[in-house]
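To start, the structure itself, in structure tokens.
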Amino acid sequence: MRAMGGRVGRSQRWYAVVGVVLTGIFGAVVNLATSGFDVADRKWWLTVAAVVLLVVLVAVTYFQTDSGSLADWDNTVEAEAARLASEVERRGSAQRARYGSSLLQLRFRLAPAKVVGQLPNVRVSAYAGAFPTTNLDGRLDDIADVYRRSTGWLVVLGGPGAGKSVLARHLVVRLMETRKPDEVRIPVVFPVHTWDPDVEFEKWLAQCLMRDFNGLKREGPGGTNVAAALVEHGHILPILDGFDEIPQRRLRDALRELNHAPMPLVLLSRTETYAELVKEGVALRRADVIALDDLTLRDLRRALPTDTRTEAGRAKWDVVLDPLSESGDAGGVSALASPLMVSLARAVYEEPGENPADMLESSGRRLRDAEELKSRLLARFVSTVYRRQSPWRPENAERWLGYLARTNGPGDFAWWKLVDSVPRRHRVGAFLVLGAVLGAAAGGLRLGWTGLVLGALIVGVLGALIGWSQGPEPERMDLKLSGRAKHALAQVVPGVVGGLIVGIVGFFLVGQWGWWTLGVAGALGNAVGDGLTGWARHRAWNDSAKPILKEVGLGACGGAAGASTVGAIGALSHAPTGQNLPLWLLAGLIVGVAFTPGAGLLAEPEVEVAVTPTALLRSNRRYAVLQTIMVTITFGLAIGIFTGIVNGFVFGCAIGAAFGVGAHAWGRWLIIGRVWLPLTGRLPFRKVWRFLEDAQERGLLRQRGAFYEFRHALLRDTVAARYAASSRTRFWSD
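Quick note on numbering: my numbering labels position 565 of the sequence shown as 565, and the sequence is numbered without any gaps.
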């Protein structure tokens with residue numbers, strides 16, 4: 001409690017210091033602005049001194065190293081590890097409640113020598129080419145015990161649809177259910193196909209943790225955050241699913257990097273992908289390797305007759321299984337030997353009126369060829385599951401799912417990424433039209449026909465640039481007041497510096513060459529401010545840090561756009577260009593601190609708050625609305641200072657709306673995801689989230705944090721191919 005109280009006390013003191021200085025500087029500038037500008041006047045020099053004092057004070061605070069106790073930080077990391085373990089266990093319990101009764105008891109055994117790799121490197125003792133004596137055979141519910149008997153490094157192999165992802169998630173559930181007091185590692189499933197081996201493995205793990213769990217971005221001494229500390233301190237057991245979906249040319253690099261990982265891990269891959277790497281002399285050297293077995297006829301008899309309450313329910317499956325049993329035809333069984341095929345068969349043929357005998361060849365003695373049967377089941381799966389009490393027509397549901405599968409490739413998808421999946425020419429057109437309408441309305445209302453034309457042109461071009469650019473990652477924010485001083489200061493420093501530069505440079509440029517030159521001042525001020533922010537991110541461990549030159553370039557573009565808009569309003573309003581410097585300093589400071597309240601009031605949710613698509617959307621909406629209100633007020637005041645309060649209100653609202661849409665993931669989703677995609681038939685008009693949740697309940701999608709993914713790559717590829725094949729019947733093109 002003492003450490004926590006110390007942190008809050010420091011935050012409160014910094015709030016007091018910054019609050020007093022900000023109050024003093026604003027008071028001095030306002031007083032000076034109302035009394036005129038005279039270089040010989042002491043008030044002018046006092047204002048300049050106050051500005052310099054503010055910048056120096058806040059900059060020193062901002063860039064100094066956190067002096068917090070390392071022992072306090074270690075205690076914080078341990079506490080967050082316990083909270084993360086509770087959240088992982090809670091999610092596992094929810095998963096077992098949803099799918100536990102339908103899970104097949106998969107079997108696995110020690111893999112053959114050809115895919116084990118260098119056996120003498122697996123354990124400390126050498127085997128002289130023989131298998132280890134440890135028994136690694138078992139069934140699905142044994143997977144936690146089998147992992148504990150392994151070296152800690154485990155490779156799980158299986159064919160397409162063999163149940164690798166199911167086993168990965170069940171391993172998490174079983175490890176948490178049977179967790180022992182001395183086990184500190186928390187099992188977490190990571191989609192390894194999203195990893196670029198050029199990125200440090202531990203850093204990528206931390207990025208994934210921050211993406212899928214709340215409360216892990218909090219920073220400690222030296223700028224490291226909770227997620228990175230959890231990885232570094234050995235609290236995470238990575239379970240890497242989807243290794244075979246890494247691009248072929250990067251597989252060898254990925255395995256080499258994993259061999260240098262400083263922690264045990266579990267890797268899941270298709271058998272042929274891993275075996276090919278072993279042939280080339282690349283393997284996970286310290287790992288035991290197990291392989292999933294195919295289902296047997298006995299397994300099929302337990303799994304397929306889902307409706308055993310009536311004689312008819314049992315008999316319709318006997319038509320399929322009895323001939324196989326009588327003939328002992330193992331080859332026929334192989335067509336249904338994977339959990340994926342069983343789940344497809346159950347979903348398609350459990351419907352009333354459906355006859356599983358369709359799976360047999362014309363002779364009635366064998367199942368159809370495996371590829372043919374797979375194609376038939378996959379083709380019917382979506383339309384079949386949507387015939388069961390669905391508010392959506394099957395053909396519409398299949399089209400929407402096909403679009404999601406085709407536009408998001410082999411990985412997962414999220415609502416904010418769907419915006420960028422729309423072709424750039426479509427995004428540019430949509431935002432250009434929206435911007436032109438907004439600019440024309442605001443300009444025409446206050447500046448007549450000239451304002452209407454120029455407003456449509458300027459804001460339309462800004463909208464086109466928004467559509468051309470990639471969307472931002474959504475911020476996860478909840479309202480919070482305590483302990484936010486450091487984050488508020490992080491916004492104050494670049495904001496104040498950039499705002500003062502805009503004010504000083506703008507004063508001289510506009511005074512000499514007119515309002516149309518204000519964009520230069522905006523570009524310069526924002527470039528410096530964003531450059532400071534980028535430099536600070538690189539000093540600390542920060543996954544959102546961009547190259548500093550990119551930060552500077554993006555800042556210059558944004559500053560030029562905003563300042564040019566204000567300059568155009570000033571020019572068209574015939575505002576005088578000879579205002580005094582304190583007035584410009586006041587306007588610059590107002591703009592510079594626009595985002596500080598957002599940083600002070602909003603913080604990442606605690607880890608207990610689940611990261612779901614809808615929760616993230618609501619959180620980002622709060623952030624976007626608050627920032628939009630601040631920008632509206634700030635630009636309204638700045639414009640009102642030079643051109644009048646009515647102009648400030650009208651144009652402040654227009655700039656705030658443009659900022660809310662263009663600078664936030666939620667704003668872009670509002671235009672593209674809720675208007676453009678439904679208009680073009682790619683998503684439903686209403687209840688988009690209900691559709692995705694319903695698809696998850698029907699076994700088509702799986703949720704992972706804020707992301708959705710198809711339950712199997714074969715299903716994803718099938719609906720994507722059918723969507724592409726239907727392109728001739730659509731009136732739009734992708």
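All C-beta atoms, glycine included, are put in the ideal place defined by N, C-alpha and C.
Item to check | Where Ile645 falls, given that 16 or more other Cβ within 10 Å makes a residue buried | outcome: Around the beta carbon of Ile645, fewer than 16 other beta carbons sit within 10 angstroms, so the residue counts as exposed.
Next on the checklist: Could you check whether Gly159 and Asp294 sit closer than 9 angstroms to each other, using their CB atoms as the reference points?
Outcome noted: Yes, the Cβ-Cβ distance between Asp294 and Gly159 is below 9 angstroms.
Checklist entry - What's the call for Gly531, buried or exposed, on a 16-neighbour Cβ count within 10 Å? => result Classified as buried, Gly531 has 16 or more neighbouring CB atoms from the shown chains inside 10 Å of its CB.
Next on the checklist: Going by the DSSP bridge assignment, what does Val188 pair with across the sheet?
Outcome noted: Per DSSP, Pro238.
Next on the checklist: Could you check whether Val166 and Val189 sit closer than 9 angstroms to each other, using their CB atoms as the reference points?
Outcome noted: Val189 is not a Cβ neighbour of Val166, given a cutoff of 9 angstroms.
Checklist entry - If you compare alpha carbons, which of Pro112, Gly152, Arg148, Arg179 is closest to Val88? => result Closest by alpha carbon: Arg179.
Next on the checklist: Can you give me the C-alpha to C-alpha distance between Val382 and Leu340, rounded to a whole angstrom?
Outcome noted: Spanning the two alpha carbons is a distance of roughly 14 angstroms.
Item to check | Residues that Asp294 bridges to, as DSSP identifies them | outcome: Asp294 pairs with nothing; no bridge assigned.
Next on the checklist: Please state the DSSP three-state secondary structure of Val735.
Outcome noted: In the structure as shown, the chain starts at 1 and stops at 734, and residue 735 therefore has no counterpart that could be examined.
Item to check | Collapsed DSSP secondary structure at Val593 in the structure displayed | outcome: Coil at Val593, not helix or strand.
Item to check | Inter-residue spacing [alpha-carbon to alpha-carbon] between Asp717 and Glu272 | outcome: Per the coordinates, the alpha-carbon of Asp717 lies some 19 angstroms from the alpha-carbon of Glu272.
Next on the checklist: Cutting at 6 angstroms between CB atoms, please list the residues of its own chain near Ala706, excluding the five before and the five after it.
Outcome noted: Within the same chain, and ignoring the five residues on either side of Ala706 in sequence, the residues whose Cβ sits closer than 6 angstroms to its Cβ are Ala414, Val611, Pro613, Leu616.
Checklist entry - Of the choices Val320, Gln696, Lys687, Thr643, whose alpha-carbon is the least far from that of Trp515? => result The residue with the shortest Cα to Cα distance from Trp515 is Thr643.
Next on the checklist: Report the start-end ranges of each alpha helix (DSSP H) in the stretch 413-487 that is 4 residues or longer and not cut off at the edges.
Outcome noted: Runs of the alpha helix (DSSP H) spanning 4 or more residues and lying entirely within the stretch 413-487 occur at 415-421, 424-468, in chain order.
Next on the checklist: Given this structure, state the Cα-to-Cα distance separating Leu258 from Leu432, to the nearest angstrom.
Outcome noted: When rounded, the distance between both Cα atoms is 46 angstroms.
Item to check | Rounded Cβ spacing between Thr634 and Ile569 (contact assumed at less than 8 angstroms) | outcome: Not quite, the Cβ-Cβ distance comes to about 14 angstroms (not below 8 angstroms), so this is no contact.
Checklist entry - Out of Leu230, Ile239, Ala275, which has the shortest C-alpha to C-alpha gap to Arg252? => result Of the candidates Leu230, Ile239, Ala275, the one whose C-alpha sits nearest the C-alpha of Arg252 is Ala275.
Checklist entry - Can you tell me whether Ala128 is buried or exposed, with buried defined as 16 or more other CB within 10 angstroms of its CB? => result Residue placement at Ala128 is flagged as unreliable, the pLDDT there being 37, under the threshold of 50; a coordinate-derived value is accordingly withheld.
Next on the checklist: Can you give me the C-alpha to C-alpha distance between Val688 and Ala695, rounded to a whole angstrom?
Outcome noted: Approximately 11 angstroms, taken between the alpha carbons.
Item to check | Where the beta strand (DSSP E) through Val199 begins and ends | outcome: Premise fails: Val199 is in no beta strand (DSSP E) and is neither H nor E.
Checklist entry - Name the DSSP beta bridge partners of Gly138, please? => result DSSP, once it has assigned bridges, lists Phe108 as partnering Gly138.
Item to check | For Ile143 and Arg185, believed in contact at Cβ under 8 angstroms, the rounded distance | outcome: Taking a contact as a CB-CB distance under 8 angstroms, the pair Arg185 and Ile143 does not count as one, their CB atoms being some 16 angstroms apart.
Checklist entry - Between which two residues does the alpha helix (DSSP H) harbouring Ser627 extend? => result Reading the sequence as shown, one finds Gln at residue 627 and not Ser. Following the DSSP letters along the chain, one finds Gln627 inside the alpha helix (DSSP H) bounded by residues 613-643.
Item to check | Spatial neighbours of Val650 in its chain, beta-carbon cut-off 7 angstroms, leaving aside the 5 residues before and after | outcome: Contacts found: Ala442, Leu445, Arg446.
Next on the checklist: I'd like to know if Arg690 contacts chain E, where contact means its C-beta is closer than 9 angstroms to some C-beta of that chain.
Outcome noted: No chain E appears in this structure, which consists of one protein chain only.
Checklist entry - Thinking C-beta only, is Ala405 closer than 9 angstroms to Val115? => result Cβ distance not < 9 angstroms, so Val115 and Ala405 don't count as in contact.
Checklist entry - Grouping DSSP H, G and I as helix and E and B as strand, with all else coil, what is Val266? => result Val266 falls in the strand class under three-state DSSP.
Checklist entry - Whose C-alpha, out of Val146, Ile672, Tyr723, is nearest the C-alpha of Pro423? => result Answer by Cα proximity: Ile672.
Next on the checklist: If contacts are defined as beta-carbon pairs under 8 angstroms, then Leu268 and Pro238 qualify, I think. What distance do you get, rounded to the angstrom?
Outcome noted: By a beta-carbon distance limit of 8 angstroms, Leu268 does not contact Pro238. Their separation comes to about 11 angstroms.
Checklist entry - Does the Cβ of Asn214 have 16 or more other Cβ atoms within 10 Å, making it buried, or fewer, making it exposed? => result Asn214 is buried by the Cβ-count criterion.
Next on the checklist: If contacts are defined as beta-carbon pairs under 8 angstroms, then Trp317 and Pro356 qualify, I think. What distance do you get, rounded to the angstrom?
Outcome noted: Between Pro356 and Trp317 the Cβ distance is about 6 angstroms, and since that is below 8 angstroms, they are a contact.
Item to check | Local Cβ density within 10 Å of Trp513, reported as buried at 16 or more and exposed below that | outcome: Label assigned to Trp513: exposed.
Checklist entry - Under the three-state reduction of DSSP, which class applies to Tyr403: helix, strand or coil? => result Three-state DSSP puts Tyr403 in a helix.
Item to check | Where Gln703 sits in the DSSP three-state scheme | outcome: Gln703 falls in the strand class under three-state DSSP.
Checklist entry - For Thr628, does the count of other Cβ atoms within 10 angstroms reach 16, so buried, or fall short, so exposed? => result Its Cβ being crowded by 16 or more others within 10 Å, Thr628 is buried.
Item to check | For Val342, the nearest candidate out of Gly498, Glu551, Ala370 (CA to CA) | outcome: Minimum Cα distance to Val342 is reached at Ala370.
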